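Since the structure comes first, as C-alpha cells, the remarks are kept for the end.
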Amino acid sequence: MMGELLDVLPYAVAAWVLLVGCYGIATSRSFIHVVVCLSLVQSSTYLLLLMIGWSHDATAPVFADVSTHARVVDPVVQALTLTDIVVGGAVTALLLALTIQLAKRQGSIDPDRLRSLEEELEE
Amino acid sequence: MSRQLASRTLAGVGVLGAGVLLLLALADLPRLGDVPHPYAARAVPAALSRDTANVVSSVNFDLRAFDTLGEEFVLFAAAVSALLLLRRFRDEEEREGEASFGPRDVWSAVNLVGFALLAPTMMVGLYVVAHGAVSPGGGFQGGAVLATGLHLAYLAGDYRVLRRIRPVAVFDVAEAVGAAGFVLVGVSALFVGEPFLTNWLPTGTLADLASAGTVELFNVAVGMEVASALVLLLAKFLDQALVVRGGGDDG
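If you read the protein sequences in the order shown, they are chains X and L. To convert, count from 1 in the first sequence and add 131; that's the working numbering. To convert, count from 1 in the second sequence and add 734; that's the working numbering.
Written out as C-alpha cells, the structure is:
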C-alpha cells in the first residue's frame with residue numbers, strides 16, 4: 132500500500148503544481164502574478180519529465196567518474212527539460228516586457244481593468 | 735468583491751474537475767521507475783562513442799543539435815522582441831537626466847557578500863560553460879550563472895558600478911556572435927564533407943576537458959549567447975525600472 136502510494140505520489144505532485152498554477156492564473160489580480168503562475172504551470176512539466184526519466188538504482192547520466200557500464204537515468208528527458216526551462220525563461224521575459232508596456236499605457240496591470248483599444252482611442 | 739468570489743468559485747470548480755481527471759489518468763501511468771527508456775538505451779552508447787561524458791550535453795549539442803539550434807534562436811527571438819518592447823520612447827528619454835542612480839538601499843552585509851561572491855560566481859559560470867561536456871552543466875546553465883553573477887555588482891554597489899562593468903554595446907555584439915557561432919560551427923562540418931552540425935572534430939579521451947569534439951564549441955557559443963541575452967534583458971528591465979521611478983518623482 133505504502134509502496135503504491137509512493138509510486139503515484141511524484142506524479143500527483145506534478146498534477147498539484149499544475150492545478151495550483153491554473154487556479155492562480157484564473158483568479159489573478161495582477162499580470163505579474165499571472166506570469167509567475169504560468170512559470171509554476173510550466174515547472175510541473177519539468178517534474179513530470181524528470182520523473183519519467185527516473186529509474187531504480189540509477190545515477191546521473193554523466194560518466195566522468197563512474198564506470199561506463201553504470202545504470203543511469205534517462206538523459207533524453209533531462210535534455211528536454213533543459214529546453215523547456217530555456218523556452219520558459221524566454222517566454223517569461225517577453226511577458227514581463229509586455230506587462231511593463233501595459234503598465235505604461237493603461238496605468239494598471241489588473242486583468243479586470245483592461246480597456247480595449249477602442250476605449251483607449253476614444254479618450 | 736462578488737465578482738472576485740465568483741471567479742474564485744468558477745476557477746475552483748474547474749480546477750477540481752481537472753484534478754479528478756488528472757488523478758484518473760495518473761492511475762494508468764507506468765509505475766515510477768518501471769518506464770521503458772528506448773531512447774536512453776541508444777543515446778548513452780552514442781554519447782560514449784563520441785567520448786562525451788555528460789550524456790545530456792551530447793543529446794543537446796550532438797545527437798539533436800538541430801533542435802538546439804532552433805531553441806537557441808527561440809531564445810534569440812524572444813530576447814530581441816523583449817528588447818524592442820522595452821526600448822525607451824521619446825517622452826521617456828527627456829526624463830533620463832532626472833532618474834536617480836544613487837546607492838541602493840541595502841544592508842551592508844548584502845554589500846559585503848555581494849562583492850565577495852562576484853569574482854567566484856563569475857569563475858563558476860566560466861567553469862560550468864567550459865566543462866559542459868564533462869560535468870553537469872553547459873552553455874545554457876553557465877550562461878545564466880555568468881549573467882546573474884554580473885548583477886551582484888548592482889546588488890553590492892550601485893547602478894553606476896554595474897554600468898561600468900557591463901557595456902551594453904559589447905553584449906549586443908556578443909549575443910549576435912554567440913548565435914552566429916553556433917551556426918558557423920555547424921556549417922564547418924560541410925567543409926570536411928560531413929552533413930550540417932556533424933561532430934567532426936577529434937573527440938579526445940572520455941572525461942578530459944578537451945573531449946567531445948564540437949560539443950565544447952557549441953557550449954561556448956550557447957554560453958555566450960545566453961549570458962549576453964540575459965544581461966541585455968536585465969539591462970533593459972533595470973532601465974525601465976529607473977524610468978518608472980523617475981516618472982513617479984515628477985508626479
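Beta carbons: idealized from backbone N, C-alpha and C, even for Gly. As the structure is a prediction and not an experimental result, all values here were calculated from the model.
- Per DSSP, residue 845(L) is one residue of the alpha helix (DSSP H) stretching across 842-864.
- Beyond the five residues adjoining it in sequence on each side, residue 939(L) comes within less than 8 Å, by CB distance, of 785, 945 in the same chain, given in chain order.
- Nearest in C-alpha terms to residue 964(L), of all of 233(X), 135(X), 237(X), 217(X), is 217(X).
- In the DSSP annotation of this structure, residue 247(X) is not part of any alpha helix (DSSP H), being labelled neither H nor E.
- Not a single C-beta of chain L is nearer than 7 Å to the C-beta of residue 215(X).
- The C-alpha of residue 155(X) lies about 18 Å from the C-alpha of residue 245(X).
- Counting C-beta atoms within 10 angstroms of its own C-beta, residue 796(L) has 16 or more neighbours from the protein chains shown and is therefore classed as buried.
- Interface with chain X (7 Å Cβ-Cβ cutoff): residue 897(L) is excluded.
- Straight through space, the alpha carbons of residue 180(X) and residue 760(L) are spaced by roughly 14 Å.
- Take the alpha-carbon of residue 222(X) and the one of residue 817(L): they are about 13 Å apart.
- Identification of chain X residues near residue 794(L) by a Cβ-Cβ cut-off of 7 Å yields 210, 213, ordered along the chain.
- Between the C-alpha atoms of residue 850(L) and residue 841(L) there is a straight-line separation of about 14 Å.
- Secondary structure at residue 953(L): helix, using DSSP grouped into helix, strand and coil.
- Scanning chain L for C-beta atoms nearer than 7 Å to the C-beta of residue 187(X) yields 767, reported in chain order.
- Going by DSSP, residue 906(L) is part of the alpha helix (DSSP H) stretching over 902-925.
- The stretch 950-957 of chain L makes contact with the stretch 858-877 of chain L, as at least three CB pairs between them are under 8 Å.
- Distance from the Cα of residue 952(L) is smallest, within the candidate group 858(L), 888(L), 865(L), 755(L), for 865(L).
- In the structure shown, residue 942(L) falls within a coil segment according to DSSP collapsed to helix, strand and coil.
- Residue 923(L) and residue 910(L) have their C-alpha atoms spaced approximately 21 Å apart.
- The shortest C-alpha to C-alpha distance from residue 855(L) to any of 868(L), 765(L), 885(L), 872(L) is the one to 885(L).
- Across the structure, residue 209(X) and residue 863(L) are spaced so that their CA atoms are roughly 17 Å apart.
- Shown here for residue 186(X): same chain residues with a beta carbon closer than 8 Å to its own, the five before and five after excluded, namely 202, 204, 205 in chain order.
- The DSSP-derived three-state label of residue 794(L) is helix.
- When the Cα atoms are used, residue 902(L) and residue 966(L) turn out to be separated by approximately 7 Å.
- In the structure shown, residue 138(X) adopts helical secondary structure according to DSSP, grouped into three states.
- Annotated as distal: residue 813(L) and residue 158(X), with beta-carbon spacing of 7 Å or more.
- Counting along the chain, the unbroken alpha helix (DSSP H) around residue 883(L) starts and ends at 873-884.
- Contact of residue 788(L) with chain X by beta-carbon distance below 7 Å involves 193.
- In the three-state scheme derived from DSSP, where H, G and I count as helix and E and B as strand, residue 188(X) is classed as coil.
- In the structure shown, the three-state DSSP call for residue 785(L) is coil.
- Of the candidates 215(X), 198(X), 225(X), 215(X) places its Cα closest to the Cα of residue 175(X).
- If only uninterrupted beta strand (DSSP E) runs of at least 3 residues are considered, none is enclosed by the stretch 748-781 of chain L.
- With a cutoff of 7 Å on beta-carbon distance, residue 820(L) and residue 228(X) are scored as near each other.
- Taken in chain order, the members of the stretch 148-179 of chain X whose beta-carbon sits within less than 7 Å of a beta-carbon on chain L are 150, 153, 154, 157, 158.
- For residue 820(L), there is no enclosing alpha helix (DSSP H), as DSSP marks it with neither H nor E.
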